[in-house]
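The numbering used here applies: residue 185 is where the sequence shown begins, and numbers increase by one. Notes to accompany the following structure.
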Amino acid sequence: WNAHVKSHFHRPASSRSPTFQEYFDLIHPDDREVVRREIQSALGTGALFDVEHRTIDPGSSHVKWIRNVGKVSYGGN
185 WNAHVKSHFH
195 RPASSRSPTF
205 QEYFDLIHPD
215 DREVVRREIQ
225 SALGTGALFD
235 VEHRTIDPGS
245 SHVKWIRNVG
255 KVSYGGN
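So, in structure tokens, the structure goes:
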């Protein structure tokens with residue numbers, strides 16, 4: 185979640201990295217299921233996820249298409 189990635193999700197560069205739920209809330213509702221499936225598959229295999237989807241600016245409702253490629257990691261207490 186560098187400044188460039190944050191800009192794709194309508195977040196200020198100085199903001200903290202979002203939680204998974206905050207990230208998911210910034211995805212267009214019509215695209216959430218496909219993103220969820222891609223991330224779930226990547227968690228199961230350890231592979232990269234690669235999905236195109238729309239993001240929504242919560243302040244202005246501006247929609248932007250992006251290609252989201254990444255590796256899923258998580259930590260627990």
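C-beta: ideal position from N, C-alpha, C; glycine also.
Secondary structure of residue i, DSSP reduced to three states
i	result
residue 256	coil
residue 212	coil
residue 203	coil
residue 238	strand
Cβ shell of residue i (< 6 Å), same chain only, five flanking positions each side left out
i	result
residue 194	241
residue 185	201
Own chain, CB closer than 7 Å to residue i, minus 5 neighbours either side, in chain order
i	result
residue 199	190
residue 244	none
residue 223	233 and 256
Cβ-Cβ distance between residue i and residue j below 8 Å
i	j	result
residue 219	residue 234	no
residue 192	residue 211	no
residue 208	residue 216	yes
Those residues which DSSP pairs with residue i across a bridge
i	result
residue 148	Here the chain has residues from 185 to 261 only, and residue 148 is not among them.
residue 193	In DSSP, residue 193 forms no bridge with anything.
Same chain, Cβ closer than 8 Å to residue i, neighbours up to 5 away in sequence not counted
i	result
residue 214	238
residue 261	Reliability fails at residue 261, whose pLDDT of 41 lies under 50, so the model's placement of it is uncertain and the value that follows must be treated cautiously. So the list is empty, once near-sequence residues are dropped.
Closer than 7 Å: residue i CB and nearest the ligand MN heavy atom
i	result
residue 238	This structure lacks the ligand MN, and indeed carries no ligand of any kind.
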